[in-house]
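Q:
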Amino acid sequence: MEDDLLARPEINGVDIGEKITGGAPTGTLAIIVYVQEKKSPEELEDGEVIPPLIDGIPTDVVEERVVPHPAFAEVAAAVPQIDAAKYPTLLGGISMGPCRSIHLEPPDVPASGNYVFTGTLGAMVVDRSTKARMALTNFHVACVDAGWSAGDTMTQPSRVDGGSCPADVFGTLARAALSTHIDGAVVGIDAGAATDCAIQDIGAVAGQAAASVGLTVRKRGRTTGLTYGTVVSVDASVSIDYGDGLGVRILKNQIRVEVDTTKSAKFSDHGDSGSVVVTDDRKVVGLLFAGNDVPGNPALSGTVAFANPIQFVLDELDVDLCVPPVLPIRTKPFDPRCTVFVTTRVIPCEPVISYAVPCTLPRTVRCFDNPIDIPRPPDFGPPGVLSAIYGVPGAHSAFWQGYYAALEAVARELGESDPTQ
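In structure tokens, the structure reads:
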């Protein structure tokens, strides 16, 4: 049934969702059919009318165009937009694009000419075979059309945003896929280029997660920056015309995100393609590749976005997300009755090492050949010891409260759940 609907040129998407009548939700689950232009039954030919029920399930016809979200400009007229910055360290959420220009003709563009394209470097990933770091983006950002080939050079920022080749080249196209589940590509990073497993304005990637309906998410893209939304579907099917020799492609089981209008006017726009969609705790759920387009009402365009589920992307491109490692190390105790834990985390500043030494007896230990007296906790020991070490009676309570509060603050800063582990 879904394939039959998507085969019709006037239909560009099929989903399961709540039926809307008169602009208000009805609470009824329905098959949502998205069309280029909504018409009355009288304007349609026989066989074009969507029946009110399909297999006993109500239908809802919604007018919505879905388009890829790269941006482009003529070579001679390229004007930087939004975040056109050159970043000394490659990370997610920044401008990128291919060095090569593409010759386009109307109606795809306003005028015949050579065009350059831009999109977003979504996140850093790691090749599963070589363990080399790579940049993740969309197929239609890095490849653009059917004339692409492995080895195409990529620049940051894009040529649309003032980047130049070879001066701003950061890597070469390694592999790409435009399939029934993903619109993705990975770029090999040139030797010597600095990289960071983080997303601009969001922070270090904490892993991946499966999207679910109702999940609050955000993304950082080259055009609209940091925006917020909510997942409204995880099984959308969309039909998109990629043009340029690629034609119409149908992508299934896609994530549909609607903007949170209390925080953002749009969720994405042209140039945001390639962004990754992440949760509040910085876990990646999808790779943004398209959004809605409302002719005659640009304010509503970009309020809906579509993303490939991240697991499909990683598996088809044979990569894993780049995540800063957490390295817990339990060392040999200084004393049989004292256990020492050392926790290190790789972060983009000086390494932080935290120590916790729970003991029940005072001990003199050696560290780098220097004897150190470690006092026992204040609940132990003969009278007079506490005042000698901590001052007047009662002062030790404030000392330990402050000490553990400091430990907890450091642990929160490092993302640890327990400062002694």
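Residues in the sequence shown are numbered from 1 upward in steps of one, following full-length UniProt numbering.
We treat Cβ as the ideally placed atom computed from N, Cα and C, and that holds for glycine.
In whole angstroms, give me the CA-to-CA distance for proline 70 and isoleucine 82.
A: Their backbone Cα atoms lie some 14 Å apart in a straight line.
Q: Please classify glycine 286 as buried or exposed, where buried requires at least 16 neighbouring CB atoms within 10 angstroms.
A: With 16 or more other Cβ atoms within 10 Å, it is buried.
Q: Consult DSSP for valine 259 and reduce its assignment to one of helix, strand or coil.
A: Three-state DSSP puts valine 259 in a strand.
Q: Identify every residue that forms a DSSP beta bridge with leucine 226.
A: Per DSSP, Arg220.
Q: Per DSSP, what are the beta-bridge partners of histidine 103 in this structure?
A: Per DSSP, Asn114.
Q: In whole angstroms, give me the CA-to-CA distance for alanine 7 and alanine 305.
A: Approximately 22 Å between the Cα atoms of the pair.
Q: For the alpha helix (DSSP H) containing glutamate 18, list its first residue and its last residue.
A: Note, glutamate 18: premise wrong, no alpha helix (DSSP H); beta strand (DSSP E) at 11-21.
Q: Given that a residue counts as buried once 16 or more other Cβ atoms are within 10 Å of its Cβ, and exposed if not, what is serine 387?
A: Residue placement at serine 387 is poorly supported in this model, since its pLDDT is 49, which falls under 50; the coordinates are not used for a value here.
Q: Hey, how far is the Cα of arginine 222 from the Cα of glutamate 43?
A: So the two alpha carbons sit approximately 41 Å from each other.
Q: In this structure, what does DSSP give as the bridge partners for arginine 133?
A: DSSP output for arginine 133 lists Val126 as bridge partner(s).
Q: On the three-state DSSP scale, how would you describe tyrosine 87?
A: Tyrosine 87: coil per DSSP, three-state reduction.
Q: Return the Cβ separation of isoleucine 50 and valine 61 in integer angstroms, given the expectation that the two are a contact with Cβ distance under 8 Å.
A: 5 Å between Cβ atoms; contact.
Q: Where does tyrosine 115 land, buried or exposed, given buried means 16+ other C-beta within 10 angstroms?
A: Result: buried.
Q: How about tyrosine 242 and histidine 140: do their beta carbons lie closer than 8 Å?
A: Yes, the Cβ-Cβ distance between tyrosine 242 and histidine 140 is below 8 Å.
Q: Is it true that the segment 199-215 meets the segment 18-32, where meeting means three or more beta-carbon pairs spaced less than 8 Å apart?
A: Too few Cβ pairs lie closer than 8 Å, so no.
Q: By how many angstroms is the C-alpha of serine 179 removed from the C-alpha of valine 79?
A: Caution applies to valine 79, whose pLDDT of 46 falls short of 50 and renders its modelled position unreliable; the model cannot decide the point.
Q: With DSSP run on the structure shown, which of helix, strand or coil describes isoleucine 189?
A: Looking at isoleucine 189 - three-state DSSP - the assignment turns out to be strand.
Q: Below 8 Å, how does it come out for the segment 231-251 and the segment 313-325: are there three or more Cβ pairs, yes or no?
A: As far as the Cβ criterion goes, the segment 231-251 does not touch the segment 313-325, which means the pair count is below three.
Q: Do alanine 84 and proline 166 count as a contact pair if the criterion is CB distance below 8 Å?
A: For proline 166 and alanine 84, no; Cβs fall outside 8 Å.
Q: State the CB to CB distance for the pair proline 98 and valine 144, rounded to an integer number of angstroms; the pair is presumed to be in contact (CB under 8 Å).
A: Between valine 144 and proline 98 the Cβ distance is about 6 Å, and since that is below 8 Å, they are a contact.
Q: Could you give the distance in angstroms between the alpha-carbon of alanine 24 and the alpha-carbon of isoleucine 240?
A: Rounded to whole angstroms, alanine 24 to isoleucine 240 spans 28 Å at the Cα level.
Q: Report yes if the C-beta distance between alanine 191 and arginine 175 is below 8 Å; otherwise report no.
A: No; because the gap between Cβ atoms is not below 8 Å, this pair is not in contact.
Q: Compute the beta-carbon to beta-carbon distance between proline 309 and asparagine 253, rounded to the nearest angstrom, for a pair I have assumed lies under 8 Å.
A: About 7 Å; that satisfies the 8 Å criterion.
Q: For serine 275, count the other beta carbons within 10 Å of its own beta carbon; 16 or more makes it buried, fewer makes it exposed. Which is it?
A: Classification of serine 275: buried, given that the 10 Å Cβ count is 16 or more.
Q: Keeping to the same chain, check which residues put their C-beta closer than 7 Å to that of alanine 177; ignore five residues upstream and five downstream.
A: Phe139, Gly184, Glu316, Leu317.
Q: Does lysine 263 pass the burial test, meaning 16 or more other C-beta atoms within 10 Å, or should it be called exposed?
A: Under this definition lysine 263 is an exposed residue.
Q: Is isoleucine 57 helix, strand or coil by DSSP?
A: Here isoleucine 57 sits in strand by DSSP.
Q: Could you tell me the boundaries of the beta strand (DSSP E) in which aspartate 4 lies?
A: Run containing aspartate 4: none in the beta strand (DSSP E); it sits in the alpha helix (DSSP H), 2-6.
Q: Suppose the cutoff is 6 Å on Cβ atoms and the five residues either side in sequence are ignored; what does the same chain contact list for isoleucine 182 look like?
A: Within the same chain, isoleucine 182 has close Cβ partners Asn308, Phe312, Val313, Glu316.
Q: Nearest to glycine 17 by alpha carbon, out of Val187, Ile250, Gly214, Ser112?
A: Closest option to glycine 17, Cα to Cα, is Gly214.
Q: From what residue to what residue does the beta strand (DSSP E) around aspartate 293 run?
A: Its beta strand (DSSP E) spans residues 283-293.
Q: Is the beta carbon of methionine 134 closer than 8 Å to that of valine 67?
A: Taking 8 Å as the Cβ cut-off, valine 67 and methionine 134 do not qualify as a contacting pair.
Q: Would valine 259 and glycine 296 be called neighbours here (beta carbons separated by less than 8 Å)?
A: Not in contact: valine 259 and glycine 296 (Cβ atoms no closer than 8 Å).
Q: Could you check which residue in Met1, Asp168, Asp235 has the C-alpha nearest to that of glycine 56?
A: Considering only alpha carbons, the answer is Met1.
Q: To the nearest angstrom, report how far apart threonine 137 and glycine 122 are at their CA atoms.
A: So the two alpha carbons sit approximately 5 Å from each other.
Q: With a cut-off of 8 Å on the beta carbons, I'd call serine 273 and threonine 120 a contact; round off their distance for me.
A: Confirmed, Cβ separation roughly 6 Å.
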